[in-house]
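A.B. asks: Could you have a look at this structure, given as structure tokens, before my questions?
Protein chains: 2
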Amino acid sequence: MINTRFSVAVHILSLLATKPDQRLSSSYMAASVNTNPVVIRRISGMLKQAGLLQTKPGVSGALISRSPEDITLLDIYRAVQQEDLLFSTHSSPNPDCPVGRNIQNTLDQSFKRAQNAMEAELQKQTLADVTAHLFV
Amino acid sequence: MINTRFSVAVHILSLLATKPDQRLSSSYMAASVNTNPVVIRRISGMLKQAGLLQTKPGVSGALISRSPEDITLLDIYRAVQQEDLLFSTHSSPNPDCPVGRNIQNTLDQSFKRAQNAMEAELQKQTLADVTAHLFV
DNA sequence: TCGTTTTGTAACCATTAAAGTTACAGGTGG
DNA sequence: CCACCTGTAACTTTAATGGTTACAAAACGA
Chain A
1 MINTRFSVAV HILSLLATKP DQRLSSSYMA ASVNTNPVVI RRISGMLKQA
51 GLLQTKPGVS GALISRSPED ITLLDIYRAV QQEDLLFSTH SSPNPDCPVG
101 RNIQNTLDQS FKRAQNAMEA ELQKQTLADV TAHLFV
Chain B
1001 MINTRFSVAV HILSLLATKP DQRLSSSYMA ASVNTNPVVI RRISGMLKQA
1051 GLLQTKPGVS GALISRSPED ITLLDIYRAV QQEDLLFSTH SSPNPDCPVG
1101 RNIQNTLDQS FKRAQNAMEA ELQKQTLADV TAHLFV
């Protein structure tokens, strides 16, 4: 199961997107997410590195960097997921076995296709889509 | 990152598919996967429950239950993945916040779409496709 | 029939990642 | 100058994973 960083990241950006004129502090967002402010700052840091929001040390609050229509869920997913691969393969299968020798390469291809399909779907959805659904 | 059970499960079934006339023991398969026989038996148990292979206590080895053309990677994935959901959402966001109140429901829908896309791709690929790739 | 082998499981350990928490340095602005 | 905030390091707790040991029950062959 994929960790909740992605979930929290979308939450953070949804807050910023719905209040684009306000700088929201980590404490404020932590209250909405129901977690610790440090958790928010940690994830905000990743979103900042990805260019999705802006903060300044000492200055309270974060601002969204792009229009919600221009931020896809894939952008957010990649910002908080340091692991490139969705599926793990078991390590060092037996090279003396024809299956063991080739299984990793084969699985990598199969798994990559599945991951691509998932990411393509995430790319179709924008932050604007998410925030629109929040208020229906 | 999704655990290696899926990867090992495909490995096991690939072995059985390429030697459909032989009962392969957990020790034999463990040597190919490069792990402990108990790990193999654990995963074999899940595959057995899903109707993908047959074993009998005391009788050495496992046999594949269906034709490799009729086993999709999704069948295998579901057999070894007890978690239904691919993505986690953070628990108990603040119900007093409009975003917090609705984010879970919204994310569930978005995430489900991504998961469906991934699973659809896994369903397109059969065990026969995998074993064919092993020997190219 | 007896002994060896195998499956199926339970139990335990080590490793790892995640999330929460405490603490604090450094910047900002009132 | 002071209160507050961000950024980050460090620590704890918890849970999942994979490996391992152990053993009961079943099967099979000598």
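Residue numbers (my numbering), protein chains in the order written: chain A, 1 to 136; chain B, 1001 to 1136. Every residue, glycine too, gets a C-beta built ideally from N, C-alpha and C. Predicted, not measured: the structure shown is a model, and the values here were computed from it.
Mind checking who residue 1024 of chain B pairs with in its DSSP beta bridge?
C.D. replies: According to DSSP, residue 1024 of chain B bridges with B:1062.
A.B. asks: Can you name the residues of chain B whose CB is closer than 7 Å to the CB of residue 63 of chain A?
C.D. replies: Residues of chain B passing the Cβ test: none, with the nearest at roughly 16 Å.
A.B. asks: Identify the continuous beta strand (DSSP E) that holds residue 1123 of chain B and give its terminal residues.
C.D. replies: Element bounds for residue 1123 of chain B: not the beta strand (DSSP E) but the alpha helix (DSSP H), 1098-1124.
A.B. asks: Please name the residue, chosen from B:1009, B:1048 and B:1047, that lies closest to residue 1032 of chain B on a Cα-to-Cα basis.
C.D. replies: Minimum Cα distance to residue 1032 of chain B is reached at B:1009.
A.B. asks: Who are the neighbours of residue 100 of chain A on chain B, taking C-beta pairs under 8 Å?
C.D. replies: Under the 8 Å cutoff, chain B gives 1011, 1032, 1033 and 1034.
A.B. asks: Please state whether DSSP places residue 1086 of chain B in a helix, a strand or coil.
C.D. replies: Here residue 1086 of chain B sits in coil by DSSP.
A.B. asks: Which value, in whole angstroms, describes the spacing of the CA atoms of residue 1029 of chain B and residue 107 of chain A?
C.D. replies: Computed Cα separation, rounded: 17 Å.
A.B. asks: Sort out for me which residues DSSP pairs residue 53 of chain A with in a bridge.
C.D. replies: A:64, per the DSSP bridge assignment.
A.B. asks: When the Cα atoms are used, what is the spatial distance from residue 61 of chain A to residue 1082 of chain B?
C.D. replies: Going by the C-alpha atoms only, they are around 40 Å apart.
A.B. asks: Flag residue 1073 of chain B as yes if its beta-carbon sits less than 8 Å from any beta-carbon of chain A, otherwise no.
C.D. replies: For residue 1073 of chain B, the answer is yes, since a Cβ of chain A falls inside 8 Å of its Cβ.
A.B. asks: What in chain B is Cβ-close to residue 114 of chain A, meaning under 7 Å?
C.D. replies: Correct list: 1118, 1121 and 1122.
A.B. asks: So, helix, strand or coil for residue 1012 of chain B, using DSSP?
C.D. replies: The answer is helix: DSSP assigns residue 1012 of chain B an H, G or I state.
A.B. asks: Taking just the CA atoms, how far does residue 1027 of chain B sit from residue 125 of chain A?
C.D. replies: Rounded to the nearest angstrom, the two C-alpha atoms are 47 Å apart.
A.B. asks: Could you give the residue range of the alpha helix (DSSP H) that holds residue 131 of chain A?
C.D. replies: Counting along the chain, the alpha helix (DSSP H) containing residue 131 of chain A begins and ends at 127-134.
A.B. asks: Near residue 1067 of chain B, what residues of its chain come up, given a Cβ to Cβ distance below 8 Å and the 5 sequence neighbours on each side ignored?
C.D. replies: So the list reads 1128, once near-sequence residues are dropped.
A.B. asks: For my contact list, residue 88 of chain A and residue 1003 of chain B are in at a C-beta cut-off of 8 Å; report their separation, rounded to the angstrom.
C.D. replies: With 8 Å as the limit, residue 88 of chain A and residue 1003 of chain B qualify as a contact, their Cβ atoms being about 6 Å apart.
A.B. asks: Between A:96, A:6, A:17 and A:114, which lies nearest to residue 43 of chain A when the distance is taken from Cα to Cα?
C.D. replies: Of A:96, A:6, A:17 and A:114, the residue nearest in Cα terms is A:6.
A.B. asks: Apart from the five residues on each side of it in sequence, which residues of its chain come closer than 6 Å, Cβ to Cβ, to residue 73 of chain A?
C.D. replies: So the list reads 122 and 125, once near-sequence residues are dropped.
A.B. asks: Quick check on the DSSP output: the alpha helix (DSSP H) that includes residue 71 of chain A runs from which residue to which?
C.D. replies: No alpha helix (DSSP H) contains residue 71 of chain A, which DSSP labels as neither H nor E.
A.B. asks: Can you pull the chain A residues whose beta carbon is under 8 Å from the beta carbon of residue 1083 of chain B, in chain order?
C.D. replies: Under the 8 Å cutoff, chain A gives 1.
A.B. asks: From the DSSP output, which residues share a beta bridge with residue 1002 of chain B?
C.D. replies: Looking at the DSSP assignment, residue 1002 of chain B forms a beta bridge with A:87.
A.B. asks: Take residue 1093 of chain B as the anchor and find which of A:35, A:19 and A:65 has the nearest alpha-carbon.
C.D. replies: Among A:35, A:19 and A:65, the Cα nearest to that of residue 1093 of chain B is on A:35.
A.B. asks: Would you say residue 1076 of chain B lies against chain A (beta-carbon separation less than 8 Å)?
C.D. replies: By this cut-off, residue 1076 of chain B is not an interface position.
A.B. asks: Quick test of the definition: if touching needs 3 or more C-beta pairs under 8 Å, does the region 1010-1023 of chain B touch the region 1048-1060 of chain B?
C.D. replies: Contact between the region 1010-1023 of chain B and the region 1048-1060 of chain B is present, because at least three Cβ pairs lie under 8 Å.
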